[in-house]
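Numbering (full-length UniProt numbering), first residue to last: 1 to 462.
No residue lacks a Cβ here, since even glycine has one placed at the ideal position from N, Cα and C.
Model, not experiment: these values are computed from the prediction.
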Amino acid sequence: MCAERQKTLRSLPKTWTLVFIITSLLAGLLLAGTAIFMVNVKDTRFVRGDQFSIGVTHNCLTAYATAAYLASIGMAHLYHPRHYRVGLTSSTPIHKAVNGIFHVDEYLYPPQFLILPYGLWALCQDFFVLRTAWFVLTITVVLIALAGVALWGGAFRSRPQLLLFPLLLCAPVVHTAIQIENIHIVIVAISLLAMIAFDEHHEFLGGALLGFAVVAKIWPAVLLLYLLIQRRWKPVIACNVAIGGYTGISLLLFGFKPYQDFFTFGLQHVESGESLLSTNYTPTIIENMSVFGIFHKLDALNILSFQPARLSSFIGWSFTMILGTVIIATGLRRETNAENDDNNRILRLQLWLSLLTLGQLRSPFLPWHYGVISTLWLLLVLMTSLKGWTLGVAGAAWLCLATNMPVEFLSMTQHANIGYTLFAALLMCGAIVVSLRIYYVSTTWGERILGSPASYWRSQKR
1 MCAERQKTLR
11 SLPKTWTLVF
21 IITSLLAGLL
31 LAGTAIFMVN
41 VKDTRFVRGD
51 QFSIGVTHNC
61 LTAYATAAYL
71 ASIGMAHLYH
81 PRHYRVGLTS
91 STPIHKAVNG
101 IFHVDEYLYP
111 PQFLILPYGL
121 WALCQDFFVL
131 RTAWFVLTIT
141 VVLIALAGVA
151 LWGGAFRSRP
161 QLLLFPLLLC
171 APVVHTAIQI
181 ENIHIVIVAI
191 SLLAMIAFDE
201 HHEFLGGALL
211 GFAVVAKIWP
221 AVLLLYLLIQ
231 RRWKPVIACN
241 VAIGGYTGIS
251 LLLFGFKPYQ
261 DFFTFGLQHV
271 ESGESLLSTN
281 YTPTIIENMS
291 VFGIFHKLDA
301 LNILSFQPAR
311 LSSFIGWSFT
321 MILGTVIIAT
331 GLRRETNAEN
341 DDNNRILRLQ
351 LWLSLLTLGQ
361 LRSPFLPWHY
371 GVISTLWLLL
381 VLMTSLKGWT
391 LGVAGAAWLC
401 LATNMPVEFL
411 SMTQHANIGY
421 TLFAALLMCG
431 AIVVSLRIYY
441 VSTTWGERIL
451 GSPASYWRSQ
461 KR
């Protein structure tokens, strides 16, 4: 028996190396097909879905580029939908470039985020060149994050299962997210890189990354709150300094108008997305994976006895309280073993991804095509801690979430699609609950939380 066990341990690295090579080749082939479409918008031979699918007809970068252009010329009411409709006399160069190819999306992000698309637009001056540059940036950041998370978590030490990380780039839904060029997958990636940087005491780098994630999507602030509860003052200060820096740069570039528009109209418009987008339109009910979307799915299936729109405020505040409780509870917990132990690193990765996913679920509208990506990543990390039938369940959940919606190989009615995405939303919640439970039973209430900021600062200097 001992000889067989030693033989298995010796063969394990070779097995996982082979798995890594196979999944990397498959991911590379799929990325090559996506890259062809990203370089030539007319070549849709290798993209996910048909010519009418969201991955072909929708492009979030149109909103980013249009808003950056409008802000740079001092356009008032930056967040008003009228600026993003095709055919108006005030149409931008982006409108003219994408006319007949993409619809220009509405801009629903904080003003600081415009620094990135504005900088790229200033360099490219052509939307389709910008589109290719954005694709290269996205793939570069995601690959660095995937490899960095795997290496940091112990892929070449005690956790060879992390060599499965190329599998994320084999998921059809991830390629759709890349095709529509939403910043979401990049924000998840840099948020994880930021937390790793903080753990490795690179506060400046971590602050720059997490600070940008916060000003771009807001929900990564859950990690900032987690750091605050842990009294990790250097990361908190670095992140806030970065946020202040991005705010200052955007003020220099665009002035105060975008901020005035954001707080008087844009923020309210984003918050009202739950009632505007999800109440009556069935395809949007199918797409929405947020906590509000779960209730609308239940209502569409005639399971609820009340209208979710009437209780949207209650649902939002209740979930916010749950999220806050989770952040406080996990922030007060500490690992029992050495800080750099691979088991503890896996626990932290699971926790960070769980918090990020919970933050996303609080959004009024979380589209399937990028809203499930952090859960797919979480499941890949979670599977390193599971065995037997629980590992099989996690694998099945990953496959369920990895597909595009509506499911490409099944012909389902709208009610069936709603039921499928409701089940998928429950799988997302289940992955979070399992991860949080593993974290809770593997940690204890920490003593360091009782220390003062000054004592913590002195301990960090040592």
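Contacts around residue i, its chain only, beta-carbon distance under 6 Å, and the 5 residues preceding and following it disregarded
{"i": "L209", "result": "I190, L193, A194"}
{"i": "D299", "result": "P308"}
{"i": "V141", "result": "V186, A189"}
Straight-line Cα distance separating residue j from residue i
{"i": "V19", "j": "G28", "result": "14 Å"}
{"i": "S318", "j": "L301", "result": "23 Å"}
{"i": "residue 464", "j": "F128", "result": "Any question about residue 464 goes unanswered here, given that the chain covers just 1 to 462."}
{"i": "W445", "j": "F198", "result": "21 Å"}
{"i": "C170", "j": "P110", "result": "31 Å"}
{"i": "T62", "j": "I249", "result": "22 Å"}
{"i": "L378", "j": "M428", "result": "9 Å"}
{"i": "L316", "j": "N344", "result": "As written in the sequence, residue 316 is Gly, which differs from the Leu given in the question. Distance between the alpha carbons of G316 and N344 is about 32 Å."}
{"i": "I237", "j": "F204", "result": "10 Å"}
{"i": "residue 490", "j": "G266", "result": "Any answer about residue 490 is impossible in this case: the structure gives the chain only from 1 up to 462."}
{"i": "L30", "j": "L332", "result": "42 Å"}
{"i": "L323", "j": "R45", "result": "43 Å"}
{"i": "L366", "j": "G359", "result": "11 Å"}
{"i": "L78", "j": "V173", "result": "31 Å"}
{"i": "V39", "j": "R131", "result": "8 Å"}
Bounding residues of the alpha helix (DSSP H) (the contiguous stretch that carries residue i)
{"i": "R232", "result": "From DSSP, R232 is part of no alpha helix (DSSP H); its letter is neither H nor E."}
{"i": "W152", "result": "127 to 153"}
{"i": "T421", "result": "414 to 441"}
{"i": "T375", "result": "373 to 382"}
{"i": "V174", "result": "172 to 180"}
{"i": "V186", "result": "184 to 199"}
{"i": "S363", "result": "S363 -> no alpha helix (DSSP H), and no H or E assigned at all."}
{"i": "E203", "result": "203 to 217"}
{"i": "G119", "result": "115 to 124"}
Buried or exposed (CB count within 10 angstroms, at least 16 for buried), residue i
{"i": "Q230", "result": "buried"}
{"i": "E200", "result": "exposed"}
{"i": "Q161", "result": "buried"}
{"i": "K387", "result": "exposed"}
{"i": "I328", "result": "exposed"}
{"i": "H433", "result": "Looking at the sequence shown, residue 433 is not His but Val. With fewer than 16 other Cβ atoms within 10 Å, it is exposed."}
{"i": "V56", "result": "buried"}
{"i": "V441", "result": "exposed"}
{"i": "F306", "result": "exposed"}
{"i": "Q179", "result": "buried"}
{"i": "I286", "result": "buried"}
Chain-order list of residues whose beta-carbon lies under 7 Å from that of residue i (same chain, five-residue window excluded)
{"i": "A155", "result": "L162, L163"}
{"i": "P81", "result": "E106"}
{"i": "V241", "result": "G207"}
{"i": "D342", "result": "G153, G154, R157, S158, R159"}
{"i": "Y226", "result": "I327, T330, G331, L355"}
Residues near residue i in its chain [Cβ-Cβ closer than 8 Å; skip 5 each side]
{"i": "residue 463", "result": "Absent from the structure is residue 463, since the part of the chain shown begins at 1 and ends at 462."}
* Asked: What are the uninterrupted segments assigned as beta strand (DSSP E) that are 3 or more residues long and contained completely in the stretch 288 to 342, given in chain order?
  -> 333 to 335
* alpha helix (DSSP H) runs wholly inside the stretch 40 to 77, at least 4 long, in chain order -> 54 to 57, 61 to 72
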